[in-house]
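S.K.: In our numbering, the protein residues as written are 5 to 94.
The C-beta atom is built at its ideal place from N, Cα and C for all residues, glycine as well.
These numbers were taken from a predicted model, which means no experiment stands behind them.
I have a structure here, written as structure tokens, and I will follow up with some questions on it.
Following this line, the structure appears as structure tokens:
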């Protein structure tokens, strides 16, 4: 990605600016939904494994963990960006 094709120097895009970019709105919405579902499935899988003795595949738990981690990374990035802006305006 370059700066409006005025230079060949690539611009640095933080996760917070990626999330806020209107062009990425659908992708971010899908990833938030998937991360929420992944977190719920991972939690329910752990509960089922603990209390009911069910076996859960490592691939399923790995995918759920990856989605949950991505969702939490977005959430923490937005929170840090919000706190930084709030501190700068105070």
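1. Could you please give the first and the last residue of the uninterrupted alpha helix (DSSP H) stretch that includes residue 75?
2. Give me, in chain order, the residues of the same chain whose beta-carbon lies closer than 8 Å to that of residue 78; leave out the 5 immediate sequence neighbours on both sides.
3. By DSSP, does residue 57 sit in helix, in strand, or in coil?
4. Label residue 55 either buried or exposed according to how many other C-beta atoms from any shown protein chain fall within 10 Å of its C-beta, with 16 as the threshold for buried.
5. Are the beta-carbon atoms belonging to residue 64 and residue 75 less than 8 Å from one another?
M.R.: So, from the listed chains and residues:
1. By one-based count along the chain shown, residue 75 stands at place 71. Element bounds for residue 75: 62-93.
2. On the chain shown, position 74 is the one that residue 78 refers to. 19, 23, 32, 35, 36 and 39.
3. Your numbering for residue 57 matches position 53 in the chain shown. In the structure shown, residue 57 sits in coil (DSSP, three-state: anything other than H, G, I, E or B).
4. Taking the first residue of the chain shown as 1, we reach residue 55 at position 51. Residue 55 sits exposed, since fewer than 16 C-beta atoms from the chains shown fall within 10 Å of its C-beta.
5. Within the chain shown, residue 64 is the residue found at index 60, counting from 1. Within the chain shown, residue 75 is the residue found at index 71, counting from 1. Pairing residue 64 with residue 75 gives a Cβ-Cβ distance that is not under 8 Å.
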